[in-house]
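Engineer: Please find one structure pasted underneath; my questions will follow.
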């Protein structure tokens, strides 16, 4: 295989793997599989969840996500419009996101929706791509924010 074709295939595989990781994040948190986040983030990852502030380390990220989503009756996270830029063993990914959260016993109503984008910095590890840092950039919300407040 020539070098140009090899580079093109590597680019396509990297793009597909990074996009699949963003989708896996949604299925993992909607399924309350907190330990599944070990396959999404690096151990020393950081995340800025907008109004929830910055969280250090994969365990801190997992605790924050579980605190916000663990009591929910349901959630659905959607991602689309992925953009991926790879530079060797590092990458930048961004995608649009929208999430619906439902907690029937929440004071003020059972529904909260948020939309915006995820901005990710990733690293290639021996186990595949992992998120080293994630920013949640909120564009709009609707409903009762107390649905997701711990």
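Numbering (the working numbering), first residue to last: 311 to 460. Every residue, glycine too, gets a C-beta built ideally from N, C-alpha and C. Note that the structure is a prediction, hence the values are computed from the model and not measured.
Indicate whether the contact test is met: 3 or more Cβ pairs, each with one atom in the stretch 432-448 and one in the stretch 410-418, closer than 8 Å.
Structural biologist: The stretch 432-448, when compared against the stretch 410-418, does not touch it at the 8 Å Cβ threshold.
Engineer: Can you tell me which of the three DSSP states residue 366 falls into?
Structural biologist: It is a strand residue.
Engineer: Note down the Cα distance separating residue 339 from residue 368, rounded to an integer number of angstroms.
Structural biologist: Whole-angstrom Cα-Cα distance: 14 Å.
Engineer: With a threshold of 6 Å, establish whether the CB of residue 417 neighbours any heavy atom of the ligand NAD.
Structural biologist: No copy of the ligand NAD occurs in the structure displayed, which carries no ligand at all.
Engineer: Measuring alpha carbon to alpha carbon, tell me which residue in 323, 329, 364, 318 is nearest residue 389.
Structural biologist: The shortest C-alpha separation from residue 389 is found at 329.
Engineer: By Cβ distance, which residues of its chain are closer than 8 Å to residue 361, with the 5 residues on each side in sequence left out?
Structural biologist: If we look at residue 361 and ignore the five residues flanking it on each side, its Cβ neighbours are 448.
Engineer: On the DSSP bridge list, what partners appear for residue 445?
Structural biologist: DSSP, once it has assigned bridges, lists 358, 429 as partnering residue 445.
Engineer: Just mark residue 320 as buried or exposed, buried being the case when its beta carbon has 16 or more other beta carbons within 10 Å.
Structural biologist: Classification of residue 320: exposed, given that the 10 Å Cβ count is below 16.
Engineer: Residue 400 and residue 424 - do their beta-carbons sit closer together than 7 Å?
Structural biologist: No, these two residues do not count as a Cβ contact at 7 Å.
Engineer: At the level of alpha carbons, what is the spacing between residue 466 and residue 316?
Structural biologist: Given that the chain is displayed from residue 311 to residue 460, the structure contains no residue 466 and the question cannot be resolved.
Engineer: To the nearest angstrom, how far is it from the Cα of residue 349 to the Cα of residue 356?
Structural biologist: If I take the Cα positions, the gap works out to 15 Å.
Engineer: Since residue 453 and residue 428 are thought to touch, with beta carbons under 8 Å apart, how far apart are those beta carbons, to the nearest angstrom?
Structural biologist: Not confirmed; about 20 Å, so no contact.
Engineer: Have a look at the DSSP bridge pairing and note the partners of residue 335.
Structural biologist: The partner list for residue 335 (beta bridge, DSSP) is empty, contrary to what the question assumes.
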